[in-house]
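Chains as they are written, first to last, in my numbering: chain X, 534 to 724; chain D, 534 to 724. To keep things clear, I will list the structure first and then write my remarks on it.
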DNA sequence: CCTACCGATCGGTAGG
DNA sequence: CCTACCGATCGGTAGG
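Put into C-alpha cells, the structure is as follows:
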C-alpha cells in the first residue's frame with residue numbers, strides 16, 4: 534500500500550521530489566488547474582526556478598503521464614499473471630486498475646483522465662503511450678469466451694472508460710475499492 | 534434529429550442565439566477552454582458586449598447546464614414511458630442518453646462531463662440539478678429484477694458514468710450510437 | 001454594442 | 001535559486 538519510489542529515473546533526489554509534487558497537483562487539479570507557480574510553491578521555490586529542472590510544463594506532464602502508465606502497467610500485468618483462467622485474469626486487472634484510480638493518495642493515475650484538458654499537441658504525445666496501455670486490456674478481453682453478439686472493442690472501451698471515470702463519483706466510506714471492483718467484474722462477466 | 538428550439542426561455546431571439554453559440558463552445562472546449570471573447574467572436578461582437586445579455590460567465594454556464602438537463606430529462610422520460618417492462622424502460626433511457634451524448638451537433642449534454650473543470654462554487658450550483666437528473670435513472674434501476682449480489686447504487690453510477698464518458702473514445706464511422714447503446718444494454722442486462 | 005481599460009494570472013526567460 | 005520582467009490572456013466594468 535505504501536509507495537516507495539514513484540519516479541525511479543528522476544536524475545536527482547530534488548528532481549524526484551519536484552516530480553512527485555507536480556504529479557500530485559496534476560492528479561488533483563488537472564493540467565490547466567495546476568500552474569507552474571503552484572508547483573513551485575509546494576516545492577518551496579518560485580515558479581521560474583523550476584525551469585532548472587524541467588524543460589516546460591508540457592514536457593513535465595508528458596514525463597509524469599508516461600511514468601504513471603509504466604507503473605500501472607507493471608502492477609496490472611503482475612496481478613493478471615497470477616491467474617490462468619481468462620475471467621480471473623481480467624478480474625485481477627480490473628481490480629488493480631480500480632485500486633489505482635480510487636487510491637486517494639494516488640500519484641499514478643488520475644493523470645489519465647484529463648485528456649481533453651490538455652493542449653492538442655500534448656495529446657498527440659500521450660496517445661502512443663496510451664495505446665500501448667490499452668493493448669494490455671485488449672489481450673485480456675480477446676481471451677474471454679464472450680457471447681458472439683458482444684463486440685470486444687466496444688466492451689474494452691466501455692470497461693476502461695468506466696474504471697477511469699470511477700473516481701468522479703466514488704466517495705470513500707460506503708464501499709471499498711475492491712468491493713467496487715467486485716461489482717464491476719460481476720456486471721461485465723457474461724456467457 | 535433536428536433541433537428546433539433548444540432554449541425556449543431565452544427572453545429574446547438575440548439572447549437565444551448567444552446561448553446556442555455558448556452551449557456549443559462549452560460542449561466542445563469545456564468551461565475553462567471557452568472564453569467570453571470566444572463566444573463574442575462567434576456572435577460577431579466583442580466579449581465585453583455580451584454582458585448586456587448575461588450576468589457572468591458562471592451564471593451563463595449554470596443556465597445552459599440546467600436547460601440541457603431539462604431537455605435531456607424530457608427526452609429520456611418520454612422514451613422510457615413508451616415501454617412497461619423494466620428492462621425495456623431502462624434500455625430506452627440508455628439508448629436516448631447515448632444518442633444525446635454522441636450526437637456531434639449536440640448542444641445538450643457534453644456540458645455534464647466537465648464537472649471538475651468548473652469552479653467549486655459553480656459545482657455547488659449544478660449539483661442539485663444533477664441529483665434530480667440521476668433520480669430518473671434511480672427509479673429505472675430500482676425497478677429491475679437484478680441479482681441480489683449487485684448493488685443498485687453502484688450499478689446506476691457505473692452505467693451513467695460509462696455513458697457520459699462514451700464521447701471520449703467514440704469516433705464516428707465504425708458503429709452508430711444506437712449500436713453502441715445496444716452493446717451497453719447487452720452488457721448491463723443480468724438475471 | 002464599442003472603446004478603452006482594470007487587476008489578476010499564466011508560461012517562460014535573462015542575467016546574476 | 002532569486003529578481004525582475006516579457007507578452008498573452010482572462011473575466012469583467014465604466015461611460016458613452
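Yeah, the Cβ is synthetic: ideal placement off N, Cα and C, and Gly gets one too.
Neighbour-count burial assignment, residue i, 16 or more Cβ in a 10 Å radius
i                      : result
residue 558 of chain X : buried
residue 704 of chain X : exposed
residue 586 of chain X : buried
residue 544 of chain X : exposed
residue 535 of chain D : Reliability of the predicted coordinates at residue 535 of chain D is poor, the pLDDT of 45 falling under 50, and no value is obtained from them.
residue 614 of chain X : exposed
residue 590 of chain D : buried
residue 700 of chain D : buried
residue 567 of chain D : buried
residue 542 of chain D : exposed
residue 551 of chain X : buried
residue 618 of chain X : exposed
residue 622 of chain X : buried
residue 716 of chain D : buried
Within chain X, partners of residue i - CB distance below 9 angstroms
i                      : result
residue 648 of chain D : 701
residue 670 of chain D : Ordered by position in chain X, no residue passes the 9 angstroms Cβ test against residue 670 of chain D, which lies about 12 angstroms from the chain.
8 angstroms Cβ cutoff met for residue i and residue j
i                      : j                      : result
residue 602 of chain X : residue 670 of chain X : no
residue 683 of chain X : residue 553 of chain X : no
residue 680 of chain D : residue 723 of chain D : yes
residue 555 of chain X : residue 572 of chain X : yes
residue 721 of chain X : residue 692 of chain X : yes
residue 598 of chain D : residue 635 of chain D : no
residue 605 of chain X : residue 633 of chain X : yes
residue 565 of chain D : residue 650 of chain D : yes
residue 578 of chain D : residue 658 of chain D : no
residue 583 of chain D : residue 620 of chain D : no
residue 736 of chain D : residue 600 of chain D : Nothing about residue 736 of chain D can be read from this structure; chain D reaches only from 534 to 724.
residue 673 of chain D : residue 695 of chain X : no
residue 718 of chain D : residue 646 of chain D : no
Per-residue contacts from residue i into chain X (C-beta, under 8 angstroms)
i                      : result
residue 563 of chain D : 649 and 650
residue 688 of chain D : 716 and 720
residue 633 of chain D : None at all; the shortest Cβ gap to chain X is about 17 angstroms.
residue 691 of chain D : 695, 699, 716, 717 and 720
residue 598 of chain D : The contacting residues do not exist; residue 598 of chain D stays about 16 angstroms from chain X at best.
Contacts that residue i makes with chain D (C-beta to C-beta distance below 7 angstroms)
i                      : result
residue 684 of chain X : 716
Proximal chain D residues relative to residue i, where beta-carbon distance stays under 8 angstroms
i                      : result
residue 708 of chain X : 684 and 687
residue 677 of chain X : Going along chain D, no residue has its Cβ under 8 angstroms from residue 677 of chain X, so there is no contact; the nearest lies around 12 angstroms.
residue 698 of chain X : 694, 695, 697 and 698
Residues that residue i contacts on chain X, provided the C-beta gap is smaller than 7 angstroms
i                      : result
residue 713 of chain D : 687
Residue i: CB within 7 angstroms of a non-hydrogen atom of the ligand HEM
i                      : result
residue 571 of chain D : Within the structure as shown, the ligand HEM is missing, as the structure has no ligands at all.
With a floor of 3 residues, list each beta strand (DSSP E) that falls wholly inside the segment 553-597 of chain D, ordered by position along the chain.
Listed in chain order, there is nothing to give.
Spell out a yes or no on whether the segment 709-720 of chain D and the segment 687-696 of chain X are touching, meaning 3 or more CB-CB pairs, one atom from each, closer than 8 angstroms. Yes, the segment 709-720 of chain D is in contact with the segment 687-696 of chain X.
Counting Cβ pairs closer than 8 angstroms, one from the segment 628-635 of chain X and one from the segment 559-578 of chain X, do we hit at least three? The segment 628-635 of chain X is not in contact with the segment 559-578 of chain X.
4 or more residues per run - each alpha helix (DSSP H) lying fully within the segment 656-712 of chain X
Contiguous alpha helix (DSSP H) elements confined to the segment 656-712 of chain X occur at 685-697 and 699-702, taking only those with 4 or more residues.
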